[in-house]
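Undergrad: Sharing a structure with you now.
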Amino acid sequence: MSEEILNLSLMQLDALKEIGNVGAGNSATALSQLINRKIDMTVPQIAIMPLGDVPDVVGGPDAMVAGVFLRVYGPAPSSILFLLPRDSAFALVDMLMGREQGTTTSLNSMDESALMEIGNILAGAYLNALSHFTKLTLLPSIPSLAMDMAGAILSVILIQLGEMGDHALVIETEFTTENDGVKGHFFLIPDPGSLSTILAAIGVKE
Amino acid sequence: MSELIKVGMADYKTGYNPNSLISYGLGSCVGIALYDAVTKIGGLAHIMLPDSTQARSTENPAKFADTALPLMLNEMIKMGAIKARVTAKIAGGSQMFTFANATDVMRIGERNAQAVRMLLKKMDIRILADDTGGNYGRTVELKIDTGIYRVRTIAQGEKEL
Chain F
28 MSEEILNLSL MQLDALKEIG NVGAGNSATA LSQLINRKID MTVPQIAIMP LGDVPDVVGG
88 PDAMVAGVFL RVYGPAPSSI LFLLPRDSAF ALVDMLMGRE QGTTTSLNSM DESALMEIGN
148 ILAGAYLNAL SHFTKLTLLP SIPSLAMDMA GAILSVILIQ LGEMGDHALV IETEFTTEND
208 GVKGHFFLIP DPGSLSTILA AIGVKE
Chain W
3 MSELIKVGMA DYKTGYNPNS LISYGLGSCV GIALYDAVTK IGGLAHIMLP DSTQARSTEN
63 PAKFADTALP LMLNEMIKMG AIKARVTAKI AGGSQMFTFA NATDVMRIGE RNAQAVRMLL
123 KKMDIRILAD DTGGNYGRTV ELKIDTGIYR VRTIAQGEKE L
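The listed protein sequences correspond, in order, to chains F and W. Numbering-wise, my numbering puts 178 at position 151 of the first sequence, and it's gapless, one number per residue. Numbering-wise, my numbering puts 157 at position 155 of the second sequence, and it's gapless, one number per residue.
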């Protein structure tokens, strides 16, 4: 197999998981402060899976989700995608806008900006941790939002990966708010070649 | 009993009347339906990338338009379809996220749709319907009994091609 990610050692996978853990921890703290609620975070799952299986992580290719997408610039270009099931996106908007839970049933442009800002803050916090670990300067682009089928939204990053191989390395964390059951999935997908830059920077090249 | 056959991302499937072929949640990918109206044999391919010759990994031929389509067409011919009668309907190739300075990476949907059109022309297969572009996802279903290609979206409703 020529695919880089299928040849990762256990130590490299552990290192990536640890980066994911710290990055997601930073993001969860930022989100918690923003919405003034306790956030539970799962230990990041690191999985190498066939590209076509990735949409199942968030409920299948036709599940309705909101996705905030950012590009990461710098020596290890990557993509960041924050995905929320539709109802979670609405609940999160209610919290941010100080509305009663259940008020939001569609997004106006102000709500969209709020969700994009959430993506921005999560990505910033995550990249801070990643930059700290790797000493690489990684900067997020402005965010872009789409509300659509999970498969369609994920296709943006899966196609990029498809140029390299048939599997995706998914470092994924689930955020859950304590009482309101808001769920979000945070994906960091390194561009082809970026993974080895990251691994070299943290000194686990082999 | 008619069966609903699922086609995953980077995959293709073929089928006989009265079954249907369905693929969920296409974004920048393209769903290509091939159909022989006389023998009622159909095929649906969910391709991710236009060109296998420019990719580093080509282990799965169903991922690329240029390798998936000939394979699917051959399978249909083995099942009894006649190449000269086979027509195509295509959908997908959207751009889900917009950025001011869209790079090639972001414009992949448009490139996919264009490559599929050129390839079908090269293969001498007529395109009867083309629902590509936009910034929204599509679920596509080929009804093999009628050849109708149903395109479902969340915000733009549903249409039959």
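Heads up, the beta-carbon is just placed ideally off N, CA and C, and yes, glycines get one too. Small disclaimer: the values here were computed from a predicted structure and weren't measured.
If the criterion is Cβ atoms closer than 8 Å, does the pair F/Val-85 and F/Leu-110 meet it?
TA: Cβ atoms of F/Val-85 and F/Leu-110: closer than 8 Å.
Undergrad: Mapping the DSSP letters down to three states, classify F/Gln-39 as helix, strand or coil.
TA: Of the three classes helix, strand and coil, the one that applies to F/Gln-39 here is helix, per DSSP.
Undergrad: Rounded to whole angstroms, what's the CA-CA distance from F/Ile-169 to W/Asn-137? Just pull it up for me.
TA: Distance between the alpha carbons of F/Ile-169 and W/Asn-137 is about 18 Å.
Undergrad: For W/Asp-38, list the residues DSSP reports as bridge partners.
TA: Its beta-bridge partners are W/Ile-43 and W/Val-88.
Undergrad: Does chain W have any CB closer than 8 Å to the CB of F/Gly-178?
TA: By this cut-off, F/Gly-178 is an interface position.
Undergrad: Taking only beta-carbon positions, decide if W/Asn-76 is within less than 8 Å of chain F.
TA: So no, W/Asn-76 is outside the interface.
Undergrad: Using DSSP with H/G/I as helix, E/B as strand and the rest coil, what is F/Phe-214?
TA: F/Phe-214 falls in the strand class under three-state DSSP.
Undergrad: Drop a sphere of 10 angstroms on the beta-carbon of W/Pro-20, count the other beta-carbons inside from all chains shown, and report buried for 16 or more, exposed for fewer.
TA: Under this definition W/Pro-20 is an exposed residue.
Undergrad: DSSP puts W/Ala-157 in a beta bridge; with which residues?
TA: Bridge partners of W/Ala-157: none, in fact.
Undergrad: What residues match up with W/Leu-73 in a beta bridge as DSSP calls it?
TA: For W/Leu-73, which the question treats as bridged, DSSP gives no partner whatsoever.
Undergrad: Excluding the five sequence neighbours on either side, which residues of its own chain have a C-beta within less than 7 Å of the C-beta of F/Met-76, listed in chain order?
TA: Excluding residues within five positions, the ones whose Cβ falls inside 7 Å are His-194, Ala-195 and Val-197.
Undergrad: Of all the options F/Thr-131, F/Phe-214, F/Gly-208 and F/Met-68, which has the alpha carbon lying nearest to the alpha carbon of F/Gly-94?
TA: Comparing Cα positions, the closest option is F/Phe-214.
Undergrad: Using a C-beta to C-beta distance shorter than 8 Å, which residues of chain W count as neighbours of F/Leu-185?
TA: Here the neighbours are Met-11 and Met-50.
Undergrad: Please check if any C-beta of chain W sits within less than 8 Å of the C-beta of F/Gly-220.
TA: So no, F/Gly-220 is outside the interface.
Undergrad: Please tell me whether W/Lys-65 and W/Leu-46 are closer than 8 Å, where the distance is taken between their beta carbons.
TA: For W/Lys-65 and W/Leu-46, no; Cβs fall outside 8 Å.
Undergrad: For F/Gln-72, does the three-state DSSP call read helix, strand or coil?
TA: Here F/Gln-72 sits in strand by DSSP.
Undergrad: Under 8 Å, with one C-beta from each stretch per pair, do the segment 207-227 of chain F and the segment 150-168 of chain F reach the 3-pair mark?
TA: Touching, yes, given that three or more Cβ pairs across the two stretches are closer than 8 Å.
Undergrad: For a test of your reading of the model: does the CB of F/His-194 fall under 7 Å from any non-hydrogen atom of the ligand ATP? Yes or no.
TA: Of ligands this structure carries none, so the ligand ATP is not represented either.
Undergrad: Can you name the start and end residues of the alpha helix (DSSP H) that F/Glu-190 belongs to?
TA: Premise fails: F/Glu-190 is in no alpha helix (DSSP H) and is neither H nor E.
Undergrad: Let me know if W/Ser-22 comes out buried or exposed under the rule of 16 or more other beta-carbons within 10 Å of its beta-carbon.
TA: The residue is buried, with at least 16 neighbouring Cβ atoms inside 10 Å.
Undergrad: Are F/Glu-139 and F/Leu-172 touching if we call contact CB-CB under 8 Å?
TA: Against a cut-off of 8 Å, the Cβ pair of F/Leu-172 and F/Glu-139 comes out as a contact.
Undergrad: Nearest to W/Ser-30 by alpha carbon, out of W/Ala-117, W/Gly-159 and W/Arg-109?
TA: Measuring from the Cα of W/Ser-30, the nearest candidate turns out to be W/Arg-109.
Undergrad: Note down, in chain order, every chain W residue with its Cβ under 7 Å from the Cβ of F/Ala-93.
TA: Within chain W, no residue comes near F/Ala-93; the closest Cβ sits about 12 Å away, beyond 7 Å.
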